[in-house]
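Trainee: These protein sequence lines map, in sequence, to chains A and B.
Okay, so the first sequence: first residue is 1 according to the working numbering, each after it adds one.
Okay, so the second sequence: first residue is 1 according to the working numbering, each after it adds one.
By construction, the Cβ of each residue, glycine as well, lies at the ideal position given by its N, Cα and C atoms.
After the structure tokens below, expect a handful of questions from me.
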Amino acid sequence: MTLSLFDQFLSPVVCWIPLVAIAIILPWILFPSPTTRWLNNRSLTSQNWFLSQATSQIFLPINPPGHKWALLLSSLLIFLTTMNTAGLLPYTFTPTSQLSINMGLAGALWMGVVILGMRTQPTHSLGHLLPEGAPALLTPILVIIETISLFIRPIALGVRLTANLTAGHLLIQLTSTATLAMLTIMPVTAIFTGILLFLLALLEAAVALIQAYVFVLLLSLYLQENV
Amino acid sequence: MTPCPTMHFLFLFPSFPAATPPAPVKMADKAVPVVEKSLADVKLKELPRWLAGRDLTPNGLVRGVTGGYDWYYKKYINVKKGGIGGISMFLFGYVVISYVWSFDHIKHDRWRKYH
Numbered sequence: 001m002t003l004s005l006f007d008q009f010l011s012p013v014v015c016w017i018p019l020v021a022i023a024i025i026l027p028w029i030l031f032p033s034p035t036t037r038w039l040n041n042r043s044l045t046s047q048n049w050f051l052s053q054a055t056s057q058i059f060l061p062i063n064p065p066g067h068k069w070a071l072l073l074s075s076l077l078i079f080l081t082t083m084n085t086a087g088l089l090p091y092t093f094t095p096t097s098q099l100s101i102n103m104g105l106a107g108a109l110w111m112g113v114v115i116l117g118m119r120t121q122p123t124h125s126l127g128h129l130l131p132e133g134a135p136a137l138l139t140p141i142l143v144i145i146e147t148i149s150l151f152i153r154p155i156a157l158g159v160r161l162t163a164n165l166t167a168g169h170l171l172i173q174l175t176s177t178a179t180l181a182m183l184t185i186m187p188v189t190a191i192f193t194g195i196l197l198f199l200l201a202l203l204e205a206a207v208a209l210i211q212a213y214v215f216v217l218l219l220s221l222y223l224q225e226n227v
Numbered sequence: 001m002t003p004c005p006t007m008h009f010l011f012l013f014p015s016f017p018a019a020t021p022p023a024p025v026k027m028a029d030k031a032v033p034v035v036e037k038s039l040a041d042v043k044l045k046e047l048p049r050w051l052a053g054r055d056l057t058p059n060g061l062v063r064g065v066t067g068g069y070d071w072y073y074k075k076y077i078n079v080k081k082g083g084i085g086g087i088s089m090f091l092f093g094y095v096v097i098s099y100v101w102s103f104d105h106i107k108h109d110r111w112r113k114y115h
């Protein structure tokens, strides 16, 4: 039985424990809670510095009532960044390449943001369905289009992350298979493919970080509209 | 009369075992039950017996896991000049665990079958 290209996205189970469970616990282990000490160890200091920089960047444009979401969005950022980058290690499983996990995160958080907006300031939230400065004649069409774009948001959020990571992993697998296969037959082509593989791995590392940031940034933008 | 008469006796008579002082007892000679040893002192063949004797209740398992985590954290991460070694070892162990988990699936790969 030969393996198909998509078999890397299966989660193998040993002793009733799926690998996805270990991959999801990984961010919890890698980021210990801050201590009460004034000066922490290097690892904790660098993690806390990064997290405070990222959180202040994300929450700069958001009103003070929205700052209650800081803990949720910063932990989401850490969660996604760690899972994405850990998936680049050999033989590991990437939970965020699964639509189930991404849609679960995107759908729940988007719905929370929209319900918050509808409950606290319904007029303002519904007002987003008609952009400012639009001609009066286009109002019906614009409202329909904006409603569709509102409901597409969770799907877009989840599928964007899934597609980016799945495509990246597949490309890496394809390129590495090609490099290995051509190593004995056409070594020069294999060297070029190897260089391509190296560049692709760099790209995937960047994509892993950027996609996690984009996920959280978009959620913060939706929060900004509704809070 | 010689100045030290006892010395002649020592020369003439052989030394009996009772005459030599007993060897001092070293700390390593004390017998410790296997279950009470720490994991670093347990030999490989004693490992199943050590594991069976541990506290295997859910609370005991949680305490064991958190104890292991705290030991690793204090030894390699929470140190004055912690470097990349602590996290690298952990990530290497994670890769090894992932390999072990996927082996049953990977062994069917074509490249492995036709070696």
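Apart from the five residues on each side of it in sequence, which residues of its chain come closer than 8 Å, Cβ to Cβ, to Leu165/A?
Mentor: Counting from 1 along the first sequence, the entry for residue 165/A is found at position 165. Correct list, in chain order: Asn84, Gly87, Thr94, Thr96, Ser97, Val207, Ala208, Gln211.
Trainee: Say whether chain B places a C-beta atom closer than 9 Å to the C-beta of Leu197/A.
Mentor: Here residue 197/A corresponds to residue number 197 of the first sequence, with the count starting at 1. It does not; no Cβ of chain B falls within 9 Å.
Trainee: Taking the alpha helix (DSSP H) that Asp70/B belongs to, which residues open and close that run?
Mentor: The residue you call residue 70/B lines up with position 70 of the second sequence. Run containing Asp70/B: 58–72, per the alpha helix (DSSP H) assignment.
Trainee: What residue ranges within the segment 50–92 of chain A form continuous alpha helix (DSSP H) runs of no fewer than 4 residues, ordered along the chain?
Mentor: You should have 70–86.
Trainee: Quick one: grab the DSSP three-state call for Pro135/A.
Mentor: Translated into the one-based positions of the first sequence, residue 135/A becomes position 135. Three-state result, Pro135/A: coil.
Trainee: Just the chain A side, please: which residues come within less than 7 Å of Leu91/B by C-beta, in chain order?
Mentor: To locate residue 91/B, count along the second sequence from 1; it is residue 91. Ordered by position in chain A, the residues that pass the 7 Å Cβ test against Leu91/B are Leu89.
Trainee: Any beta carbon from chain B within less than 9 Å of Pro64/A's own beta carbon?
Mentor: Taking the first residue of the first sequence as 1, we reach residue 64/A at position 64. By this cut-off, Pro64/A is not an interface position.
Trainee: Taking 9 Å as the CB-CB limit, is Asn41/A close to chain B?
Mentor: Numbered from 1 along the first sequence, position 41 holds the residue referred to as residue 41/A. Asn41/A counts as touching chain B.
Trainee: Looking at Gly68/B: is its Cβ nearer than 9 Å to the Cβ of Asp55/B?
Mentor: On the second sequence, position 68 is the one that residue 68/B refers to. On the second sequence, position 55 is the one that residue 55/B refers to. No, the pair does not count as a contact, with Cβ atoms beyond the cut-off.
Trainee: Taking Leu200/A as the reference, give the member of Tyr213/A, Leu44/A, Thr179/A, Val216/A with the closest Cα.
Mentor: Position 200 of the first sequence holds residue 200/A. The residue with the shortest Cα to Cα distance from Leu200/A is Thr179/A.
Trainee: What span of residues does the alpha helix (DSSP H) with Asn226/A cover, start to end?
Mentor: Position 226 of the first sequence, counted from the first residue, corresponds to residue 226/A. Element bounds for Asn226/A: 187–226.
Trainee: Please list the terminal residues of the continuous alpha helix (DSSP H) segment that includes Ser125/A.
Mentor: Along the first sequence, read from residue 1 onward, the residue named residue 125/A stands at position 125. Residues 122–127.
Trainee: Could you check which residue in Leu223/A, His169/A, Ile191/A, Leu221/A has the C-alpha nearest to that of Ala205/A?
Mentor: On the first sequence, position 205 is the one that residue 205/A refers to. Minimum Cα distance to Ala205/A is reached at His169/A.
Trainee: Can you tell me the Cα-Cα spacing of Ser102/B and Ala40/B, whole angstroms?
Mentor: Here residue 102/B is taken as the residue at index 102 of the second sequence, counted from 1. Here residue 40/B is taken as the residue at index 40 of the second sequence, counted from 1. Roughly 29 Å separates the two Cα atoms.
Trainee: Does the beta carbon of Lys75/B come closer than 9 Å to any beta carbon on chain A?
Mentor: On the second sequence, position 75 is the one that residue 75/B refers to. Judged by the 9 Å Cβ criterion, Lys75/B is not in contact with chain A.
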